[in-house]
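2 protein chains.
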Amino acid sequence: MTAPSSSDAERQRDKDRTRADILEVATREFADKGYTGARVDEIAERTSTTKRMIYYYFGGKEQLYIAVLERAYLAIRALEAEVDVEHLEPEEGIRRLAELTFDHHEAHPDFIRLVSIENIHRAEHIARSEVLAGLANPALDGLTKLLERGRAAGRFRADADPLDVHMVISSFCVFRLANRHTFAAIFGRDMLDPGRRDHHRRMLGDMLINYLTS
Amino acid sequence: MTAPSSSDAERQRDKDRTRADILEVATREFADKGYTGARVDEIAERTSTTKRMIYYYFGGKEQLYIAVLERAYLAIRALEAEVDVEHLEPEEGIRRLAELTFDHHEAHPDFIRLVSIENIHRAEHIARSEVLAGLANPALDGLTKLLERGRAAGRFRADADPLDVHMVISSFCVFRLANRHTFAAIFGRDMLDPGRRDHHRRMLGDMLINYLTS
DNA sequence: ATTAATGTACGAACTAGTGAGTTCACGTTA
DNA sequence: TAACGTGAACTCACTAGTTCGTACATTAAT
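Top to bottom, those sequences are chains A and B.
The numbering of the first sequence is the UniProt record's numbering, which starts it at 1 and goes up by one.
The numbering of the second sequence is the UniProt record's numbering, which starts it at 1 and goes up by one.
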């Protein structure tokens with residue numbers, strides 16, 4: 001008779017598990033080597049299944065890459081949606097949002113690399129994804145509310161644009177990770193040094209508040 | 001008798017010209033497709049010479065790519081060295097330096113893309129270049145002097161680090177170009193819009209001065 | 001028995017790099 | 001001054017190795 005739905009050790013014939021396994025391995029491979037540099041055979045080999053399954057479940061290299069992008073973006077969007085911005089003072093909310101981005105990016109180097117890679121490809125794959133093209137952004141909504149409350153209270157400048165603020169946060173958080181290799185090669189500075197990390201985390205908040213309250 | 005050293009139209013057998021031609025075409029190709037995506041055959045075809053000459057002059061794909069990187073970095077370093085920071089007020093000098101970076105990056109999209117690509121490759125090629133590894137940075141010297149003068153005059157905060165300031169400038173100027181594709185795909189905002197461009201250029205200076213004088 | 005899921009082997013197209021020979025400019029010699 | 005020698009610049013065709021994708025066979029579940 002043998003166990004009906006294999007309890008744990010066997011894990012044969014498990015659609016979800018196979019898909020998830022492929023996605024996980026593909027994320028690492030694409031983030032590591034880029035879209036062109038990644039090898040389908042290599043991904044297949046690191047998987048517990050075969051190349052045939054990649055084509056069976058995803059269709060091809062490009063569709064697999066798009067699925068990887070979708071998973072990565074949906075993860076950070078879900079995280080952003082969790083921040084409860086309503087119960088925070090405007091200043092504190094801005095700092096909280098900036099630190100969330102700071103921490104998420106540092107904890108997910110694969111995401112940072114995928115975004116860089118996708119920009120090298122001029123976001124053509126995001127544009128081709130029905131899930132991602134025009135995906136709503138919870139962080140931006142929170143930012144908009146915070147800026148409005150801060151302005152209503154006379155504490156924030158009137159001309160601050162939510163998307164501009166988001167861009168400043170992103171540029172700072174993305175740059176220190178995405179460009180850390182050329183930075184290290186040329187200036188000899190390690191962006192991941194714990195002391196510097198804390199300093200930068202505080203510095204970003206300071207800069208934002210200084211700008212918004214000036 | 002025929003002209004000895006071909007006056008202009010013929011241009012056969014010209015070492016320098018051939019090398020320069022290859023470098024120019026290779027810069028566009030690498031910036032466009034990335035290191036792995038770039039095709040030596042494609043570069044050769046867009047050149048007025050042949051693939052064999054690429055190997056003759058540069059040795060291989062990787063050495064050609066390194067030569068491209070060296071040319072791009074030396075160009076911006078030369079530009080930075082031209083700024084005469086000594087005769088400017090600290091605030092004005094900071095703004096001038098930031099605007100120089102802002103303008104250079106916008107005028108050289110190939111450079112921005114090459115830097116992104118090189119970071120995806122973890123700066124391994126820069127590290128392999130004798131010219132680039134540890135290349136001195138004129139902009140950083142100017143920045144250091146400006147911060148010192150500003151602090152001595154009691155106008156700048158004492159704890160401002162030159163490399164941190166440089167990073168803020170770079171992150172802002174690089175991000176708005178390097179990540180403009182994903183930004184456009186997700187937020188629908190065009191970073192190259194002239195009005196927004198001017199706004200961002202001013203905004204960066206404001207943010208820096210606000211931070212330094214707080 | 002039928003179908004979903006999986007594995008194996010293969011092929012057509014591509015890609016970096018090379019082997020081998022050619023052309024040209026120029027200096028040297030007969 | 002004309003034939004010759006030489007090395008740099010150049011051309012063409014080829015190869016050894018990849019790489020994405022698929023045809024076909026097989027196994028498990030219902």
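By construction, the Cβ of each residue, glycine as well, lies at the ideal position given by its N, Cα and C atoms.
Does any CB atom of chain B fall closer than 8 Å to the CB of A/R151?
No - not a single Cβ of chain B is within 8 Å of the one on A/R151.
Given 8 Å as the limit, is there contact between the stretch 21 to 30 of chain B and the stretch 52 to 64 of chain B, that is, 3 or more CB pairs closer than that?
Enough Cβ pairs lie closer than 8 Å, so yes.
Kindly indicate which residue of B/V115, B/A136 and B/L140 has the alpha-carbon position closest to the one of B/D84.
Here the closest residue by C-alpha is B/L140.
8 Å is my cut-off, CB to CB: does B/A9 come that close to chain A?
Annotation note: pLDDT 33 at B/A9 (below 50); position unreliable, no value reported.
Give the single residue among A/A38, A/R180, A/G205 and A/L204 whose Cα lies nearest to the Cα of A/D193.
Cα-wise, what sits closest to A/D193 is A/R180.
Would you call the stretch 121 to 128 of chain B and the stretch 64 to 72 of chain B in contact, with 3 or more CB pairs under 8 Å?
Yes, they touch.
Starting from the beta carbon of A/E118, find every residue of chain B whose beta carbon is closer than 8 Å, and list them in chain order.
Simply H181 and T182.
What number of angstroms, rounded off, separates the C-alpha of B/T18 from the C-alpha of B/T50?
If I take the Cα positions, the gap works out to 10 Å.
Would you call the stretch 112 to 123 of chain B and the stretch 27 to 45 of chain B in contact, with 3 or more CB pairs under 8 Å?
Segments in contact, yes.
Pick out whichever of A/V165, A/F175 and A/H166 has its Cα sitting closest to the Cα of B/I169.
The shortest C-alpha separation from B/I169 is found at A/F175.
DSSP state of B/A3, grouped into three classes?
Low confidence applies here, because B/A3 scores a pLDDT of 34, under 50, leaving its location unreliable; read the following figure in that light. It is coil, neither helix nor strand.
Could you give the residue range of the alpha helix (DSSP H) that holds B/N210?
Here the alpha helix (DSSP H) through B/N210 covers P194 to L212.
Going by C-alpha to C-alpha distance, which of A/R95, A/D14, A/D41 and A/R71 sits closest to A/V131?
The option with the nearest alpha carbon to A/V131 is A/R71.
Cβ closer than 9 Å: which chain A residues qualify as neighbours of B/Y211?
Chain A residues near B/Y211: M203, D206, M207, N210 and Y211.
Can A/L204 and A/F102 be called in contact, C-beta distance under 8 Å?
In this structure, A/F102 lies closer than 8 Å to A/L204 by Cβ.
Less than 6 Å between C-beta atoms, sequence neighbours within five positions excluded: which residues of the same chain meet that for A/R46?
V25.
Does DSSP classify B/R13 as helix, strand or coil?
Coil at B/R13, not helix or strand.
Please work out which residues of its chain come closer than 7 Å, Cβ to Cβ, to A/N210, disregarding the five sequence neighbours upstream and downstream, and give them in chain order.
None.
Less than 8 Å between the C-beta atoms of B/V165 and B/L135, yes or no?
Result no, Cβ atoms of B/V165 and B/L135 do not sit closer than 8 Å.
So A/L79 and A/L100 are supposed to be a Cβ contact under 8 Å. How far apart are they, rounded?
Going by Cβ atoms, the distance from A/L79 to A/L100 rounds to 7 Å, so yes, they are a contact pair.
If the cut is a Cβ gap below 9 Å, which residues of chain B does A/F34 touch?
Per the sequence shown, residue 34 of chain A should be read as Gly rather than Phe. Residues of chain B passing the Cβ test: G34, Y35, T36, G37, I117, I120 and H121.
List the residues of chain B that A/A178 touches, going by C-beta distances under 7 Å, in chain order.
Per Cβ cutoff of 7 Å: N119.
Per DSSP, what kind of secondary structure is B/G37 in: helix, strand or coil?
Three-state result, B/G37: helix.
Please compile the residues from chain B whose C-beta is within a distance smaller than 7 Å of the C-beta of A/R113.
Simply I120.
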